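Trainee: Quick one: structure below, then a few questions.
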Amino acid sequence: MIGYNIRNISMKKAFLSYSHKDSQFVEELYRRLVRDGVSCFFDKSSILWGDNWVMALEKGLDQADFLVMVLSPHYIESEWGKLEYTTTMLDDPNNVKRKMKPLLLTHCDIPRFLKPIQLIDVSSSALFEQ
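Take the sequence shown: its position 67, counting from 1, is numbered 106 in our numbering, and each next residue is one higher.
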């Protein structure tokens with residue numbers, strides 16, 4: 040995968056924060072991360088039938104080592120996306136623990152608090168190497 044070093048994130052747990060309008064990309068990202076040994080909270084596979092999904096999201100955020108934020112106009116407008124990144128930001132406001140890992144999927148207005156954080160821009164190139 041372009042831009043990430045698996046040695047830095049293996050044996051850690053990621054929380055995939057995204058807009059459902061970007062599901063196709065995120066499903067492929069999830070498959071690749073799992074294949075590479077990264078444990079992921081991905082709502083479509085982590086929240087089971089009958090689960091209280093609000094509690095499941097909260098537990099997933101609490102247990103995650105980092106939040107992969109799939110940035111797009113849809114994500115920026117998403118109330119759930121805001122809740123997920125705000126929860127993470129409150130735990131580590133200056134990203135000292137490097138918990139926020141932004142991926143720019145589609146050009147959008149990046150929130151001010153994210154501008155100093157290095158992101159991976161996948162908007163104009165292939166994310167995955169074959």
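Backbone N, C-alpha and C fix where the C-beta goes; we use that ideal spot for every residue, glycine too. If you're wondering where the values come from, they're calculated on a predicted model, not measured in any experiment.
For K138, which three-state DSSP category applies?
Mentor: coil
Trainee: With DSSP as the reference, label A95 as helix, strand or coil.
Mentor: DSSP, read as helix, strand or coil, puts A95 in helix.
Trainee: Determine the closest residue to Q157 out of P112, M139 and V65, with distance taken between C-alpha atoms.
Mentor: M139
Trainee: Taking K121 as part of the beta strand (DSSP E), name the residues at either end of that continuous run.
Mentor: Segment E118 to D130 is the alpha helix (DSSP H) holding K121; no beta strand (DSSP E) there.
Trainee: Looking at the secondary structure, which residues open and close the alpha helix (DSSP H) in which S78 lies?
Mentor: Premise fails: S78 lies in the beta strand (DSSP E), S78 to F80, not in any alpha helix (DSSP H).
Trainee: Quick one: what's got a C-beta closer than 7 Å to H146's C-beta in the same chain, skipping five residues either side?
Mentor: If we look at H146 and ignore the five residues flanking it on each side, its Cβ neighbours are S162.
Trainee: Please work out which residues of its chain come closer than 7 Å, Cβ to Cβ, to D160, disregarding the five sequence neighbours upstream and downstream, and give them in chain order.
Mentor: L143
Trainee: Nearest-angstrom Cα distance between L111 and S85?
Mentor: Note on identity: in this sequence residue 111 is Ser, with Leu being the wrong assignment. Between S111 and S85, the C-alpha separation is close to 23 Å.
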